[in-house]
Amino acid sequence: QEYPAMLPFRLTLVLLSLTTSYAFFPIHLSFSTANQHGRRCSPCYAFIPNAVFHAVGEIESPSLPEIVTSFAIVTASDMVPFVPCQPIAIALSAKLGLAAYPILVVGQTVAGVLAFQASRKTANSKIVADALNSLDVETAKKFEEFRRLGGTEDESKVLAALIGLRLAPFFPFSAGNYLLGGATSVNIRPFLIATLFGCALSNVLNVSVGVGGGNALSSIQEMI
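Heads up: take any position in the sequence shown, counting from 1, add 1196, and you land on my numbering.
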């Protein structure tokens, strides 16, 4: 049976919608915050996490310069190989609150696409060689298996393998963008979908930690 071309994209949108809807649900387990702000818990609010109601009341929306600056920082930092993105993500979430989530997801995805395209044009670059040499034996073996799979025409298998690789803790994220672009023949579409999906899931934890830490710091400052 032929695999529908748009199915991976549609599935990704559904998963991203569920992720962004329930990403911060554990932070507040009741709808009391929504009631305090005069909102009824109607069915349309049933799909919105309680932390969003809490954030609306306590966290101001970032200004346009803050959004642009934050996006630029996230994108630039994620294009540097071997630089972890978690510290910036947590710090930005502590400052901007839940508003940091879309900035992080979009910024990291854009950085991934730019790095992918740059390494695709210069496949023999030093960055790609250094990234390959940095892999341990087990990771290099798994990546070699993916390289063989990346040359197939079955995009559904390539997409599934890419998502697994993007979420794997042993595979470097920023350096992986260069590896996937310069050392494989995978197409840009499955790479984009898998990277967007991976960024959406990984930033759930980053933003949760950042928002929780920011709230805790604010509470300590109020007590002093």
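Ideal placement from N, C-alpha and C gives every residue a C-beta, glycine not left out.
With residue i as the anchor, note down where its alpha helix (DSSP H) starts and where it stops.
{"i": "Ala1296", "result": "Ala1296 to Lys1317"}
{"i": "Phe1393", "result": "Ile1384 to Met1419"}
{"i": "Phe1267", "result": "Leu1260 to Asp1274"}
{"i": "Gly1372", "result": "Ser1370 to Gly1378"}
Residue i: which of the options sits nearest, CA to CA?
{"i": "Ser1370", "options": "Pro1258, Ile1269 and Val1279", "result": "Val1279"}
{"i": "Val1382", "options": "Asp1332, Cys1281 and Ser1352", "result": "Ser1352"}
{"i": "Ser1404", "options": "Thr1380, Gln1417, Gly1293 and Lys1337", "result": "Gly1293"}
{"i": "Ala1290", "options": "Thr1391, Ser1414, Asp1350 and Phe1267", "result": "Ser1414"}
{"i": "Gly1394", "options": "Met1419, Leu1328 and Gln1304", "result": "Gln1304"}
{"i": "Val1400", "options": "Leu1376, Thr1271, Ala1295 and Gly1308", "result": "Ala1295"}
{"i": "Ser1257", "options": "Ala1272, Pro1298, Ile1269 and Ile1284", "result": "Pro1298"}
{"i": "Thr1380", "options": "Val1407, Leu1345, Phe1367 and Gly1408", "result": "Leu1345"}
{"i": "Phe1366", "options": "Ala1390, Lys1317 and Lys1337", "result": "Lys1337"}
{"i": "Asp1326", "options": "Val1276, Ala1268 and Ile1263", "result": "Val1276"}
{"i": "Arg1343", "options": "Met1419, Gly1372, Lys1317 and Thr1318", "result": "Gly1372"}
{"i": "Leu1310", "options": "Leu1260, Ile1384, Leu1331 and Val1264", "result": "Ile1384"}
{"i": "Asp1274", "options": "Pro1368, Lys1317, Glu1340 and Val1407", "result": "Pro1368"}
Go through its chain and collect everything with a Cβ distance to residue i's Cβ below 7 Å, but skip five positions before and after it.
{"i": "Ser1315", "result": "Ser1321, Ile1323, Val1324, Tyr1374, Gly1377 and Gly1378"}
{"i": "Ala1268", "result": "none"}
Apart from the five residues on each side of it in sequence, which residues of its chain come closer than 8 Å, Cβ to Cβ, to residue i?
{"i": "Val1270", "result": "Cys1281, Ile1284, Ala1285, Leu1288, Ile1299, Leu1300, Gly1303, Gln1304 and Ala1307"}
{"i": "Pro1386", "result": "Pro1204, Glu1351, Val1354, Leu1355 and Leu1358"}
{"i": "Ile1416", "result": "none"}
{"i": "Ser1266", "result": "Pro1258, Leu1288, Leu1292, Ala1296, Ile1299 and Gly1303"}
{"i": "Asp1332", "result": "Phe1366"}
Spatial neighbours of residue i within its chain, please: CB distance less than 6 Å, with the 5 preceding and 5 following residues excluded, ordered by chain position.
{"i": "Ala1412", "result": "none"}
{"i": "Gly1360", "result": "none"}
{"i": "Gly1409", "result": "Ala1290"}
In the structure shown, what three-state DSSP assignment does residue i receive?
{"i": "Ala1357", "result": "helix"}
{"i": "Val1324", "result": "helix"}
{"i": "Leu1292", "result": "helix"}
{"i": "Pro1333", "result": "According to the sequence displayed, residue 1333 carries Val and not Pro. In this structure, Val1333 counts as helix in the three-state DSSP scheme."}
{"i": "Pro1157", "result": "Since the first residue shown for the chain is 1197 and the last is 1420, residue 1157 is missing from the structure and cannot be characterised."}
{"i": "Ser1217", "result": "Residue placement at Ser1217 is flagged as unreliable, the pLDDT there being 41, under the threshold of 50; the coordinate-derived value follows with that caveat. Three-state result, Ser1217: helix."}
{"i": "Val1257", "result": "Here residue 1257 turns out to be Ser, not Val, going by the sequence shown. Three-state DSSP puts Ser1257 in coil, outside helix and strand."}
{"i": "Ser1381", "result": "coil"}
{"i": "Phe1367", "result": "coil"}
{"i": "Phe1278", "result": "coil"}
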